[in-house]
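The structure appears right after this line, and notes come after that.
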Amino acid sequence: MLVSYASSLPAPLLERALIPDPYCLFAGPVILSSVKVLVVGSGGREHAICWKVAQSPLVAQLYAAPGNPGIAEIAECIPWDGSVWQLAEWAEAEGVELTLVGPEAPLVEGIADAFQARGLTLFGPVQKAAMIEGSKVFAKGLMERFGIPTARHKSFSDVLDALSYLEATGAPIVVKDSGLAAGKGVTVATTLHQAKQAAANILSGPEQAEIVIEEFLSGPEVTVLAVTDGVTIKPLLPSQDHKRLLDGDTGPMTGGMGAVCPYPLAPGVLTEIVERVLQPLVDGLRAEGIIYKGVIYAGLMLTDDGPRVLEFNARFGDPECQALLPLLETDLVELALAVVEGRLHELEIKWHTQAAACVVMAAPGYPDDPHKGLPLHLPALPPHGVLYFQAGTRKGPSGLLTHGGRVLNVVGLGNDLPGALERAYAGVKAVGFEQALYRRDIGRKIL
Ligand SMILES: Nc1ncnc2c1ncn2[C@@H]1O[C@H](COP(=O)(O)OP(=O)(O)O)[C@@H](O)[C@H]1O
Ligand SMILES: [Mg+2]
């Protein structure tokens, strides 16, 4: 097993990993935990990434920038003001050999380019590639050029043009801010009035903005994540997020209130999504000179006419990642190195044959105005089959306090989805968090 890790290491790391151990009685090579890894971000997704990376025998040291109190239990957290150039400088000085990026903002800002400029290895797309998430107008353009199935749409930067277009289309209709909006830029409008208000809100602000107006689609929504080295694409297990705050998919849109994995896609659908969506995207970008390396997130609606792309993201989904990574058997560091080194075709991605469910516990007032500073008590020992991934928390003088909208991710693992859900909700019960907002119906649609 050790040698299989060695064979998948890039040359410089392999050289270091194979240093002969003077105390070893065997003649064979000895693998040292040699890689210094940095994880960028501070949410539940990054806690899950750190949890998985920390299990890799390749890792000598794990840093997180800026991390959170949960991450601090397994990684060394370093303060970070958000500047990608400053972080690249720190990483070079510290000898960080692999960086994994959780959130979209640094990717769209060009963190991969900043690290590459210093010869540093980073798992995540360069800025030009991250524009699949950074601009919905850009993403729609790609989908048109590469023949990727998506909702019919039109882009606008002029408010009057947008309003008269909406007059013509009527409702239901979907209005999307083209730029990054932290999950708050989309209005699924059931009335013309709502649609016009959403368009006007975005386009009459002080900053130059663009919107996409698109056809309303219905069907189950599914997330398909994949890793790619720019040539080879390997899909990960499909999952399902729960975007709305309240049970029964009601209430406002949120960053995501829970996820289940794997989502039971009908036979052939995953292959169809790889062939009709992911492969054309990666091949099309490559033909235009953009090599995409990292995670691609395809948000899809499974309509009666087949899968349609709602959007692309340039990173793991949050909370999908928290349900997905506990099921990944393959070493995440090995996987990330295979992607960055363009050796993904050599790697077989293995999964545990279990199911996972993630329930997000949010602060009262989320998403508009979450209460900060409320006490949060986690059990010293999580219930059987439960993982806690922290998000918006901070350490107070006498324990954890809430410090953001989505506070805690409770992940249950089971032999099947009902088992996973049962454990996740047992995990929720074991948490002390008064007035916590969470959905009671995660996964119910599938059941
Ligand atoms: N064309 C559409 N028809 C119906 N619902 C949509 C459509 N596009 C997006 N949505 C809903 O809005 C949510 C957010 O849209 P998305 O394009 O994923 O933007 P973002 O994640 O940036 O907010 C989706 O998860 C989906 O529930
Ligand atoms: Mg989305």
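1101 is the number of the first residue of the sequence shown in this note's numbering; add one for each residue after it.
Beta carbons are placed, not taken as given, at the ideal position from N, Cα and C, and that holds for glycine.
Predicted model, so just to flag it, every value in this text is computed and none were measured.
Residue i by DSSP, collapsed to three states: which one?
{"i": "K1393", "result": "coil"}
{"i": "A1127", "result": "At A1127, the pLDDT of 40 sits below 50, so the modelled position is not reliable; the number obtained from the coordinates is stated separately. Three-state result, A1127: coil."}
{"i": "D1121", "result": "Unreliable placement is indicated for D1121, whose pLDDT of 38 sits below 50; the coordinate value is still reported in the next sentence. The answer is coil: DSSP assigns D1121 none of H, G, I, E or B."}
{"i": "H1452", "result": "coil"}
{"i": "L1113", "result": "With a pLDDT of 46 at L1113, under the threshold of 50, the predicted position of this residue should be treated as unreliable, and no value is reported."}
{"i": "D1349", "result": "coil"}
{"i": "P1426", "result": "helix"}
{"i": "E1457", "result": "Note that residue 1457 is Ala in the sequence shown here, rather than Glu. Reduced to three states, the DSSP call for A1457 is strand."}
{"i": "T1269", "result": "helix"}
{"i": "Q1155", "result": "coil"}
{"i": "G1532", "result": "strand"}
{"i": "P1482", "result": "coil"}
{"i": "A1463", "result": "coil"}
{"i": "A1366", "result": "coil"}
{"i": "R1376", "result": "helix"}
{"i": "P1518", "result": "helix"}
{"i": "L1435", "result": "helix"}
{"i": "L1317", "result": "coil"}
{"i": "L1263", "result": "helix"}
{"i": "K1545", "result": "coil"}
Just to confirm the assignment, what range does the alpha helix (DSSP H) spanning residue i have?
{"i": "V1511", "result": "Not the alpha helix (DSSP H): V1511 falls in the beta strand (DSSP E), residues R1506 to G1514."}
{"i": "G1234", "result": "Q1227 to G1234"}
{"i": "P1206", "result": "E1204 to E1209"}
{"i": "H1445", "result": "Neither: H1445 is in no alpha helix (DSSP H) and is coded neither H nor E."}
{"i": "R1386", "result": "Q1379 to A1387"}
{"i": "E1173", "result": "Counting along the chain, E1173 falls outside any alpha helix (DSSP H), and DSSP gives it neither H nor E."}
{"i": "L1303", "result": "L1292 to L1303"}
{"i": "V1331", "result": "Run containing V1331: none; DSSP gives neither H nor E here."}
{"i": "W1185", "result": "V1184 to E1194"}
Out of the options, state which residue places its alpha-carbon closest to the alpha-carbon of residue i.
{"i": "E1321", "options": "P1364, A1423 and L1220", "result": "P1364"}
{"i": "D1347", "options": "L1447, E1194, G1358 and P1338", "result": "G1358"}
{"i": "G1504", "options": "T1453, P1518, L1474 and S1498", "result": "L1474"}
{"i": "L1402", "options": "G1224, P1206, L1317 and P1166", "result": "L1317"}
{"i": "I1390", "options": "P1362, D1258, P1225 and E1244", "result": "P1225"}
{"i": "G1442", "options": "R1494, I1333 and F1238", "result": "I1333"}
{"i": "N1413", "options": "R1494, Q1297, M1231 and L1537", "result": "M1231"}
{"i": "L1325", "options": "V1331, G1283, I1396 and G1279", "result": "I1396"}
{"i": "P1479", "options": "A1526, A1172, P1249 and A1300", "result": "A1526"}
{"i": "P1380", "options": "V1331, D1341 and L1425", "result": "V1331"}
{"i": "V1201", "options": "A1160, V1153, F1246 and I1273", "result": "V1153"}
{"i": "V1507", "options": "R1523, G1514, D1516 and K1472", "result": "K1472"}
{"i": "L1425", "options": "R1145, H1342, V1369 and L1280", "result": "R1145"}
{"i": "E1197", "options": "Y1488, L1220, E1176 and K1495", "result": "L1220"}
{"i": "E1173", "options": "K1529, K1450 and R1494", "result": "R1494"}
{"i": "K1296", "options": "I1313, A1281 and G1283", "result": "I1313"}
{"i": "A1282", "options": "L1476, L1435, G1143 and E1446", "result": "G1143"}
{"i": "A1455", "options": "L1222, L1547, T1290 and N1301", "result": "L1547"}
{"i": "G1532", "options": "G1499, L1513 and V1511", "result": "G1499"}
{"i": "Q1422", "options": "P1467, V1360, E1411 and N1301", "result": "V1360"}
{"i": "A1438", "options": "A1463, H1477 and K1393", "result": "K1393"}
{"i": "L1345", "options": "F1238, H1477, P1467 and N1515", "result": "P1467"}
{"i": "C1177", "options": "E1233, A1164, H1484 and L1187", "result": "A1164"}
Would you check whether ligand 3 has a heavy atom nearer than 7 Å to the C-beta of residue i?
{"i": "L1381", "result": "No copy of ligand 3 occurs in the structure displayed; its ligands are ligand 1 and ligand 2 alone."}
Where DSSP assigns a beta bridge to residue i, which residues make up the other side?
{"i": "G1496", "result": "G1499"}
{"i": "T1323", "result": "S1339 and G1399"}
{"i": "P1475", "result": "L1501"}
{"i": "Q1490", "result": "L1508"}
{"i": "Q1308", "result": "Partner(s): none; Q1308 has no beta bridge."}
{"i": "S1255", "result": "V1312"}
{"i": "N1413", "result": "Y1397"}
{"i": "T1199", "result": "L1138 and L1222"}
{"i": "A1239", "result": "Its beta-bridge partners do not exist; DSSP assigns none."}
{"i": "Y1525", "result": "In DSSP, Y1525 forms no bridge with anything."}
{"i": "T1250", "result": "V1409"}
{"i": "P1166", "result": "G1141"}
{"i": "L1537", "result": "A1462"}
{"i": "Q1161", "result": "K1136"}
In the DSSP assignment, find the beta strand (DSSP E) that holds residue i and state where it starts and stops.
{"i": "R1344", "result": "R1344 to L1346"}
{"i": "G1279", "result": "Note, G1279: premise wrong, no beta strand (DSSP E); not H, not E."}
{"i": "G1358", "result": "G1358 to C1361"}
{"i": "V1286", "result": "V1286 to A1289"}
Nearest-residue set for ligand 1, Cβ under 5 Å from any heavy atom: Taking each Cβ in turn, the ones that pass are A1251, V1274, G1283, V1286, V1288, E1314, F1316, L1317, K1343, G1399, L1410 and E1411.
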